[in-house]
Every structure is written in C-alpha cells, then in structure tokens.
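A short write-up of the structure that comes next.
Residue numbers (our numbering), protein chains in the order written: chain U, 61 to 140; chain P, 25 to 281.
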C-alpha cells in the first residue's frame, strides 16, 4: 500500500499546485479539494483507491484544459 | 536530414488575467507586486519546438535553447520553459526599472546568441502582450539575413525546408523556406501544455546560464521615449428611447439620418 499512498499524496500535491491559479481563489479550491480527498480517506480496497486516483487524474486534466481555454479565449478576444 | 538547433526567446510579462494599472506619474504601468507569467505567444513557440522534437526523432532536433532578457525574476519564466521541454536556457539579466529594452536591442542580443550558439532555427512569439510591438522576430531575421515566416499557424519540417502556413486577412498563405529561418507564432499554432509541478522540479536540474547585457556588444540606450501612459477612457453608456419617433429624432440629432 505504500506506493499507492505516495501516488495519492503526489496527485494531491499536484492538484494543490494547480489550484494556486484557480479563478475563484486558492482557498475556494483547497477546501473543496481537501473535502474530496478526505471523503475517500477510508478506502481500503486497492481497486477503490486506484479508481479514486484515476478520478483525481481526470480532474487534473480538466483543470488544465480549463486554464488553457480561459487563456485562449482571452487572447482570441484581444488579438483575433 | 539536417539537425535543428532551436532558439526560443521568451519574455516575462504581466499575466494576461491581470488588469494593468497606470502608475501615478503616468510614465508606465504598475509592475511591482503584480502577477507575472510567460508571454502566451512564447508558450506557443516553446510548445512548437518541443512538438517538432516529438514528431521527428530526437536526432532531428539536437537542442532547444530558451533565452530571456529581463529582470532577475525572468529566471522563473525560463524554468517554466524548461519544464515544458526546453533543454537549457540563458538568462541575460537586466536590472528592473520602468523602461524595458526595445525590440531592436533584443534582436541584436539574440543575433549574437544565435551566432555564438550555432542556432539554425529561431521560434518566437509574434508579439508580447505588454508592449505589443511585434517587431523582434522581423528585426532578428533582417539582422541575420535569414528567411522569416511570421504569424505561423502550422509548421512542417521537410528535410532542409520549413513549410509554414500563415494566417492572413481572408485566408491562409503557405510559405516554404530553407533553413536557417526565423518563425513567429500565431494563436492557433498549437495548444501549449501545462508546466506541471513534477516537471518544474525536474527543470531545476537543467542548466541555466546567467549572462549580463555587458557581455554583448549592444548599447543599452533606448531610442524611443515614453511620453505619457494613460488608461483608455471609460465606455459611454447607451440611452433608451421611448418609441419609434423618439428613435428617429435621436438619430437625426446624431446626424445619422
């Protein structure tokens, strides 16, 4: 379980890093992110934990896409 | 197949999401305590050089060198560039002050770097979002006597040649040029990747060379002087009319009828 534990910690760290530039503010992001992780803290089955990690990876990709789109739209509006 | 040695100049600018404020003396915009990030057009050029390497073999693209000419904090921008995939970088340190370097000086420094480092492709953003000069790429191509392709929306490497699709008014234009070349990027060239935390950590191990402006044969005096910087006037609100007659009389009043 040690490696899984590290995977969870890593993805949590990465998400927090991403959240620093979240449009609604870091505190907004952090509380929600923390809640989502603590909700799954009781998972013991390896299968369940892996699924939760996959979900976190998905959220990470979504946030990256959100940032990209936000920037792209702002730039398109300004420079065409 | 020739090997590419790419130079990617990047600029640290006020973040695109920040609304710039003019300072009290009306000489420049406020930069102290404002969030800065890499110029979005430079992100595109970093991404494009990394993609060139991914699309071809690692042999084709020998080396991607990022360079920034700016205040000490521009090192962070270079870290981001390296986290996105550049191999190493050069930071030409300039003291932080209100006036920034002009495109001509930047192009002259870049020219010296290109010659010293034996680069044969320069990919840079078409303009920076702070002074919007859109001149550096063109001036660099002129100084070097190389071909240039500005505002690229697609770049294809074909042996010794680069085929570049550019967006022009009312369509696209395809130009083909022999290396060495200067390419500037437009908005729709690619989708820059996000510099993730682990990659930024890894980028800290990559080489960042520090240089000074005195190491180059460039005179630092600016040719232009900023006389005044003001904010755009606030938008005038529209008015409502009661009925058709009101509309007609209003239009007549404005001289539209």
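We treat Cβ as the ideally placed atom computed from N, Cα and C, and that holds for glycine.
Quick caveat, the model's predicted, so the values are computed rather than measured.
Q: Assign residue 29 of chain P to buried or exposed, taking buried as 16 or more other Cβ atoms, counted over all protein chains shown, within 10 Å of its Cβ.
A: As a working note, residue 29 of chain P is residue 5 in the second chain. Under this definition residue 29 of chain P is a buried residue.
Q. Is residue 32 of chain P closer than 8 Å to residue 147 of chain P when the C-beta atoms are compared?
A. Counting from 1 along the second chain, the entry for residue 147 of chain P is found at position 123. Counting from 1 along the second chain, the entry for residue 32 of chain P is found at position 8. Yes, Cβ-Cβ distance for residue 147 of chain P and residue 32 of chain P is below 8 Å.
Q: Please confirm whether any heavy atom of the ligand MN lies closer than 7 Å to the CB of residue 71 of chain P.
A: Absence of the ligand MN is noted for the structure shown, with no ligands found whatsoever.
(Q) If we define contact as Cβ-Cβ less than 8 Å, is residue 131 of chain U a contact residue for chain P? (A) Within the first chain, the letter at position 71 stands for residue 131 of chain U. With 8 Å as the cut-off, residue 131 of chain U counts as an interface residue toward chain P.
Q. Tell me which same chain residues have a C-beta within less than 6 Å of the C-beta of residue 78 of chain U, skipping the five on either side of it?
A. Within the first chain, the letter at position 18 stands for residue 78 of chain U. So the qualifying residues of the chain are 123.
Q | Contacting positions in the region 248-271 of chain P - beta carbon closer than 7 Å to chain U | A | From the region 248-271 of chain P, no residue has a Cβ closer than 7 Å to chain U.
Q) Taking C-alpha atoms, which residue in P:270, P:162, P:97 lies nearest to residue 209 of chain P? A) On the second chain, position 185 is the one that residue 209 of chain P refers to. Closest option to residue 209 of chain P, Cα to Cα, is P:162.
Q) Using a beta-carbon distance cut-off of less than 9 Å, what residues from the region 221-237 of chain P approach chain U? A) For the region 221-237 of chain P, the residues whose beta carbon sits under 9 Å from a beta carbon of chain U are, in order, 221, 222, 224.
**Q.** DSSP state of residue 33 of chain P mapped onto helix, strand, coil
**A.** For the purposes of this step, residue 33 of chain P is taken as the residue at position 9 of the second chain. The answer is strand: DSSP assigns residue 33 of chain P an E or B state.
Q) Would you call residue 65 of chain P buried or exposed, if buried means 16 or more other Cβ atoms sit within 10 Å of its Cβ? A) Residue mapping note: residue 65 of chain P aligns to position 41 of the second chain, counting from 1. Answer is buried; the Cβ neighbour count reaches 16.
Q) Nearest-angstrom Cα distance between residue 150 of chain P and residue 110 of chain P? A) Taking the first residue of the second chain as 1, we reach residue 150 of chain P at position 126. Taking the first residue of the second chain as 1, we reach residue 110 of chain P at position 86. Near 19 Å, if we compare the C-alpha coordinates of residue 110 of chain P and residue 150 of chain P.
Q: With a cut-off of 8 Å on the beta carbons, I'd call residue 37 of chain P and residue 46 of chain P a contact; round off their distance for me.
A: On the second chain, residue 37 of chain P is found 13 positions in, with the first residue counted as 1. On the second chain, residue 46 of chain P is found 22 positions in, with the first residue counted as 1. Here residue 37 of chain P is actually not in contact with residue 46 of chain P; their C-beta atoms are around 16 Å apart, not less than 8 Å.
Q.
Considering Cα atoms alone, identify which of P:116, P:268, P:145 is closest to residue 205 of chain P.
A. Residue numbering aside, residue 205 of chain P sits at position 181 when the second chain is read from its first letter. Of the listed residues, the one whose Cα sits closest to residue 205 of chain P is P:145.
Q) Closer than 8 Å, CB to CB, is residue 218 of chain P near chain U or not? A) Here residue 218 of chain P is taken as the residue at index 194 of the second chain, counted from 1. By this cut-off, residue 218 of chain P is an interface position.
Q | Residues from the region 201-215 of chain P in contact with chain U, defined by Cβ distance under 9 Å | A | Within the region 201-215 of chain P, the residues whose Cβ lies closer than 9 Å to any Cβ of chain U are, in chain order, 210, 211, 212, 215.
**Q.** Supposed contact pair residue 26 of chain P and residue 203 of chain P - C-beta distance, whole angstroms, cut 8 Å
**A.** Along the second chain, one-based indexing puts residue 203 of chain P at 179. Along the second chain, one-based indexing puts residue 26 of chain P at 2. Confirmed, about 6 Å.
Q: Report the three-state DSSP secondary structure of residue 80 of chain P (helix, strand or coil).
A: Looking up residue 80 of chain P in the second chain gives position 56. Coil.
Q: Would you tell me roughly how many angstroms separate the C-alpha atoms of residue 134 of chain P and residue 135 of chain U, rounded to the nearest one?
A: Within the second chain, residue 134 of chain P is the residue found at index 110, counting from 1. Within the first chain, residue 135 of chain U is the residue found at index 75, counting from 1. C-alpha separation (whole angstroms): 26 Å.
**Q.** Pair within 8 Å by beta-carbon distance, residue 128 of chain P and residue 34 of chain P
**A.** One-based indexing of the second chain puts residue 128 of chain P at position 104. One-based indexing of the second chain puts residue 34 of chain P at position 10. Residue 128 of chain P places its beta carbon 8 Å or farther from that of residue 34 of chain P.
**Q.** Local conformation of residue 185 of chain P per DSSP, three classes
**A.** As a first step, residue 185 of chain P is located in the second chain; it is residue number 161 there, counting from the start. In the structure shown, residue 185 of chain P sits in a strand (DSSP, three-state: E or B).
Q. In chain order, which continuous runs of the beta strand (DSSP E) of length 3 or greater are located wholly inside the region 108-167 of chain P?
A. Secondary structure remark: continuous beta strand (DSSP E) runs of at least 3 residues inside the region 108-167 of chain P, in chain order: 112-117, 145-149.
**Q.** DSSP three-state assignment for residue 106 of chain U, whether helix, strand or coil
**A.** Residue numbering aside, residue 106 of chain U sits at position 46 when the first chain is read from its first letter. In the structure shown, residue 106 of chain U sits in a helix (DSSP, three-state: H, G or I).
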